[in-house]
Amino acid sequence: MDPISAVSEELAEIEGQINDLFRALSNGFQKLEKIKDANRQSRQLEELTDKMRDCKSLIKDFDSEVKSLESGNDASTNRMLNDRRQSMVKELNSYVALKKKYSSSLASNNKRVDLFDGPGEDNMEENVLLASNMSNQELMNQGNSMMDDTDQAIERGKKIVQETINVGTDTSAALKAQTDQMSRVVNELDSIHFSLKKASKLVKKIGRQVATDKCIMAFLCLIVIGVIAIIIIKIVNPNNKDIRDIPGLAPPAMNRRLLWNHY
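Just so we're aligned, residue 1 is where the sequence shown starts under full-length UniProt numbering, counting upward by one.
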């Protein structure tokens, strides 16, 4: 008969559940080593983390039951139960370390950087499990180490915040410079548009003047052509009475001869 079953059936049942979880964790991590896809690895780690939480809760129940039966057991039985509990804690911590290892590998592959790298939930679980086995000095040292890690994380966070503020300031200055430049471009475009409108009006005015000058020149050409035509007709046919003499134009040569003979 199992020694733990002889002490308490409830303890034996809890131990059986813990052993089942340990077997599931062992198989899960063996399966995790064969998975290459990062997303599948992440989901597998989440499932294993849930199992570790359940195992931790069962170990606490086991420890509570052991303490409740401690007064009724002899020293050898209590030592056996405490050794068994220590063995469970040690095995669980080994799986916690494996989980941290794979989590760090995934974070490195995905290039994800957390703002604060302080103690996470898994570290807290491990510390809770080990706290009962530590002396006061060890607990103080562990607490100081955790506070140092937290201070370093806060300093890193301050640096990141300051860098973010600096980047924001530089970006704001660049945006202001670009806004000013755009304003100057808009003003220049307005000036160009005004100049184009003014030039268009001037071109239209010049076009009207040119058209008027052309009309006048054409009219004068027609007058000159008409006068020349009349002169030619008078010279060719001086007896044509249908065409009146042009004022200021001398009479034909024949008329002048007739007038001369008369005198």
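Glycine included, each C-beta is placed from N, C-alpha and C at the ideal position.
If one requires a minimum length of 4 residues, the alpha helix (DSSP H) runs lying completely within the stretch 1-60 are 3-7 and 9-34, in chain order. Close CB contacts of Asn78 within its chain, under the 7 Å cut and outside five residues either way in sequence, are with Glu70 (chain order). The beta carbon of Glu10 sits closer than 8 Å to those of Glu65, all from its chain and outside the five residues before and after it, given in chain order.
Straight-line spacing of the CA atoms in Ser145 and Asn93 works out to 19 Å. With distances taken between CA atoms, Thr49 lies nearest to Val96 out of Arg23, Val96 and Ile154. Pairing Ile14 with Asp83 gives a Cβ-Cβ distance that is not under 7 Å. As the crow flies, the alpha-carbon of Gly28 is around 23 Å from that of Arg85. Distance from the CA atom of Arg208 to the CA atom of Cys215, rounded to whole angstroms, is 11 Å. Distance from the CA of Leu58 to the CA of Asp37, rounded to the nearest whole angstrom, comes to 32 Å. Secondary structure of Asp151 (DSSP, three-state): helix.
In the assembly as shown, Cys221 is an exposed residue. Its beta-carbon has fewer than 16 other beta-carbons within 10 Å. Non-local beta-carbon contacts of Val185 in its own chain, meaning distances under 8 Å to residues more than five positions away in sequence, are absent. Short of 8 Å from the beta carbon of Glu91, and not among the five residues preceding or following it, lie these beta carbons of its own chain, in chain order: Phe22.
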